[in-house]
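Data first, discussion second: the structure below is written as structure tokens.
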Amino acid sequence: MPDVTALALVAALVGDPVQGQAIASSRSTGLCVLCHAMPGVPAVHSGNIGPDLAGVGARYPRALLRERLLMPERFNPQTVMPAPLRSDGLQRVAAARAGQGVLTPQQTADVLAWLETLQ
Ligand code: HEC
13 MPDVTALALV AALVGDPVQG QAIASSRSTG LCVLCHAMPG VPAVHSGNIG
63 PDLAGVGARY PRALLRERLL MPERFNPQTV MPAPLRSDGL QRVAAARAGQ
113 GVLTPQQTAD VLAWLETLQ
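So this is what it looks like as structure tokens:
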């Protein structure tokens with residue numbers, strides 16, 4: 013789905029921060045923990061390719077945080093961070109996942125709600 017559609021869609025949803033933390037720290041769902049240290053996960057179990065997410069809710073106002081999550085290459089055109097709702101341009105996707113992003117819009121709203129609690 014186009015990024016602007018994704019932004020509008022997620023902005024209209026109410027996220028659950030408890031679900032969001034579970035998604036972000038899961039190695040099989042959110043994948044965030046593969047690249048980011050984050051509160052609630054021991055440092056030895058998280059990656060350090062991206063910045064530590066501790067305090068990220070205080071670093072950015074809500075709308076900017078949403079853009080950082082949904083359009084990472086707007087801030088770094090060479091970013092390795094996958095846009096969680098994007099489904100085009102991916103390679104070697106399993107047939108069962110074709111046409112899907114890493115997360116659903118509701119899961120993305122949940123993750124965002126959790127990021128906002130990281131003050
Ligand atoms: C493949 C590695 C990778 C994955 C997976 C990943 N990120 Fe990132 N993320 C990065 C990198 C690297 C940056 C730093 C900006 C840049 O250079 O792209 C970043 C930046 C961010 C930022 C901005 C942080 C700041 O302080 O500026 C947020 C918020 C963020 N990621 C959240 C997430 C969430 C939530 C997920 C899971 C849905 C996720 N990321 C998955 C690599 C990743």
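The opening position of the sequence shown corresponds to residue 13 in the working numbering, with each subsequent residue numbered one higher.
Note that the Cβ used here is the ideal one computed from N, Cα and C, for glycine as well.
- Task: Within its chain, find whatever has a CB closer than 7 Å to the CB of I61; leave out the 5 residues flanking it on each side and keep chain order.
- Result: C47, V92
- Message: Please classify R78 as buried or exposed, where buried requires at least 16 other C-beta atoms within 10 Å of its C-beta.
- Response: R78 should be labelled buried.
- Message: Using the Cβ count rule (16 or more neighbours within 10 Å means buried), how would you classify E85?
- Response: exposed
- Message: Let's test the definition: count the other Cβ atoms within 10 Å of the Cβ of T120 and tell me whether it reaches 16, buried, or not, exposed.
- Response: buried
- Task: Identify, in the order they occur along the chain, each residue of the same chain with its Cβ nearer than 8 Å to the Cβ of L19, setting aside the five sequence neighbours on each side.
- Result: Excluding residues within five positions, the ones whose Cβ falls inside 8 Å are R78, E79, L82, M83.
- Please confirm whether A66 and P51 have their CB atoms less than 9 Å apart. For A66 and P51, yes; Cβs fall inside 9 Å.
- Could you give the C-beta distance for Q118 and S99, rounded to a whole number, given that I count them as a contact under 8 Å? The Cβ separation is near 16 Å, so there is no contact.
- Going straight from the alpha carbon of P63 to that of I35, what length do you get? Using only the alpha carbons, I get a separation of about 18 Å.
- Item | Run of the alpha helix (DSSP H) containing I61, from where it starts to where it stops | No alpha helix (DSSP H) contains I61, which DSSP labels as neither H nor E.
- Query: Taking the Cβ atom as the reference point for each residue, do W126 and G59 lie within a distance shorter than 9 Å?
  - Reply: no
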